[in-house]
Structures are given as structure tokens and as C-alpha cells.
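Residue numbers (the working numbering): 55 to 378.
Ideal Cβ placement from N, Cα and C applies to all residues, glycine included.
Structure (C-alpha cells):
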């Protein structure tokens, strides 16, 4: 099945030299290194197309009127805390700045995996059964193992890049994983591990990009498999039946919309052997590194990296230029 790339009005594409584009990267989260890689790649790509670009490595407190003065649009390449949870978006809104991606509330919802899954459930979007647990609550641990186990995934409620994600299949392993995830005193999301094939669907504007399968030798797609391993395979010729792929696309678009996302997102899911998608999460600022999935999907659809970045900037400008 071929999924069309969303089209903007030709007059709304950006002519080089007409805008100053700011690229914000870095941030305070544990995904800082990936954010710097993303930001540099975006800045280089936009500069390569002839655009004037101003890059900044920022942290909370750095987003000031002086920083954004002269920036016609700000491209957000900030991953994790503050960058994806609505923090920087709120600061930019206060300054009246035009920026790419989802607004503060959609960003907050997507970053909070529990809040997102509750929205998915309310919207009829399939998602794995889950519990929110803290380390040391033995009664709740046993209940989770009995009701949604024995194969479980433990991860931070808010976080990305597959940092601190553990697969467990026993009460002891669950206890150990919770101690690691909850070390900062925050709760963990514990969800049923769905057996199936892992896919991701990028959403650009109002349309889905080509569906991408992720295959690893271990069957696990963690931080190492995302950013370090050379054995991870990203497959567009995945052979999904048209009806199954359409269900995956529909689930991705529904997840993007139910959270109120805009411009761009990446929806991760497992497709069961029965052909049913189970949505895991929505990433509102997916990676823009050489390993990243959304740029690969856009390229598969004929939209090369620089033009993808330009398209995202154009969508933000269109939104800012529309009268209320």
C-alpha cells in the first residue's frame, strides 16, 4: 500500500533568504546527546538549501526575547524533559514565537505515557494493558504480575530514546526493574508485553508516512539497538497485508489526533500475529539523526532530509500566518 506524502500549497514553500530559522537543541535531559545530533543535522540540512539558520544549545532559562529576536520560526530539536513535555513550548508561546511541532498540552500528554494511554483507551485506540507502580509496593507488584503478566515491560512514565526500559518475566525481575526505574522517586509504567512485530508510523501534517518495520536479532529495540548497533534493520518491504497496514495507519493517525499533535509525530506500535496494532506511544519530536526513523520514512516517500525539515518549518509558518 502506498501512503501519499502530504502536500502544502506550492506558494507556501520557503524561498531561501526569506526567513531566519532558529534551531534549538541540547536541553537538560538524558537525551541531550541525541538532541545535539538532531539539531546539528537539521541546521546543516537547512543551510544546505540556502536558508539562514541560527543554532542554539539551550537549557531552561535560556529562551529569552533576546534569543528569539530575529527568528521567523524556531525548529525544535529538543528531546526529553523540557523539550518534549511542553516546557519550552510554553516559554515560546509566552514570547509569541513561532515554533515547529505540537503545542504545550499535546506535548505534555504525549510525554506522560500514562496520560497518553488513558487518552488512547478513551478514544478506542488499542494499547497494552498497564499499571503505574512504585518500588516496594509488594501487593501491587503481585497484582500486576497476576493480572497483566507474566511478560511485562517496565519503563519511566516520562522518557524517551528507550532509556531505562526493561523486559521482565518474574516477580523478582519486576522488583529489580522497578528499583532501577524508580530510583529518582518517580513511578514507573508497567505494561503487558505484546508479542508481535514492531512498527513505527510517522505522521507529517495530516497524513501518514510509509509504515516501517524494525527488526533486531534479539527482538528488543532499546537504546543500543537504536543508536549503536549495526545489526538493526529498518524494513519498508515488510509484506503486511493491505488491510493490516491500513489498520496500523489508522491507529497512528488516531493516536496523533487524540493527543492533539500537529506538524510531525512518530507513533510506535506492535502488530500482533492476528494483525491487530497495539499503540505503545507517540513521540512529538522524533529523532533527526542518521539513525532516525521519520527521516527514513520521508525519504522512502520521496521527501529528502532537507526538504522534510523545510516542510516542517513551512507548516509552522502557515499556522502563524493564518488569521485567528
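Which two residues bound the contiguous beta strand (DSSP E) that contains residue i?
i: residue 343; result: Neither: residue 343 is in no beta strand (DSSP E) and is coded neither H nor E.
i: residue 322; result: 318-325
i: residue 240; result: Run containing residue 240: none; DSSP gives neither H nor E here.
i: residue 194; result: Not the beta strand (DSSP E): residue 194 falls in the alpha helix (DSSP H), residues 192-201.
i: residue 247; result: Careful: residue 247 lies outside any beta strand (DSSP E) and carries neither H nor E.
i: residue 335; result: 331-337
By Cβ distance, which residues of its chain are closer than 6 Å to residue i, with the 5 residues on each side in sequence left out?
i: residue 140; result: 158, 161 and 162
i: residue 256; result: 263, 320, 348 and 351
i: residue 212; result: 165 and 166
i: residue 329; result: 298
Along the chain, where does the alpha helix (DSSP H) that runs through residue i open and close?
i: residue 230; result: 225-235
i: residue 303; result: 296-312
i: residue 362; result: 359-375
i: residue 210; result: No alpha helix (DSSP H) contains residue 210, which is instead part of the beta strand (DSSP E) from 206-210.
i: residue 347; result: 347-354
Going by beta-carbon coordinates alone, are residue i and residue j separated by less than 9 Å?
i: residue 346; j: residue 92; result: yes
i: residue 301; j: residue 331; result: yes
i: residue 80; j: residue 123; result: no
i: residue 223; j: residue 204; result: yes
i: residue 154; j: residue 325; result: no
i: residue 384; j: residue 245; result: Because residue 384 is not part of the residues shown, which for the chain are 55 to 378, the question remains open.
i: residue 189; j: residue 226; result: no
i: residue 138; j: residue 338; result: yes
i: residue 254; j: residue 199; result: no
i: residue 312; j: residue 176; result: yes
i: residue 266; j: residue 354; result: yes
If I measure Cβ to Cβ from residue i and keep anything under 8 Å in the same chain, skipping five residues before and after, which residues do I get?
i: residue 275; result: Its pLDDT being 47, under 50, residue 275 is placed unreliably by the model, and nothing is read from it.
i: residue 77; result: 93, 96, 97, 100, 107, 108, 109, 110, 128, 129 and 131
i: residue 371; result: 66, 68, 73, 126, 127 and 152
i: residue 310; result: 257, 319, 321 and 336
i: residue 374; result: 127 and 152
i: residue 75; result: 100, 105, 106, 107, 108, 125, 126, 127, 128, 129 and 367
Given this structure, state the Cα-to-Cα distance separating residue i from residue j, to the nearest angstrom.
i: residue 237; j: residue 73; result: 45 Å
i: residue 83; j: residue 242; result: 17 Å
i: residue 260; j: residue 358; result: 19 Å
i: residue 183; j: residue 103; result: 45 Å
i: residue 292; j: residue 70; result: 38 Å
i: residue 133; j: residue 340; result: 8 Å
i: residue 148; j: residue 117; result: 10 Å
i: residue 295; j: residue 249; result: 18 Å
i: residue 315; j: residue 156; result: 5 Å
i: residue 181; j: residue 369; result: 29 Å
i: residue 171; j: residue 235; result: 19 Å
i: residue 169; j: residue 289; result: 30 Å
Using beta carbons (cut-off 9 Å, strictly below), is residue i in contact with chain C?
i: residue 107; result: You won't find chain C in this structure, because it holds only one protein chain.
Excluding the 5 residues preceding and the 5 following residue i in the sequence, name in chain order all residues of the same chain whose CB lies nearer than 7 Å to its CB.
i: residue 121; result: 110
i: residue 187; result: 194, 195, 198, 232, 241, 242 and 244
### Task
Ignoring anything shorter than 4 residues or poking outside the stretch 55-122, list the alpha helix (DSSP H) runs there in chain order.
The qualifying runs are 86-102 and 119-122.
### Task
Entirely within the stretch 132-186 and at least 4 residues each: give me those alpha helix (DSSP H) ranges in chain order.
Runs of the alpha helix (DSSP H) spanning 4 or more residues and lying entirely within the stretch 132-186 occur at 141-148, 158-165 and 167-176, in chain order.
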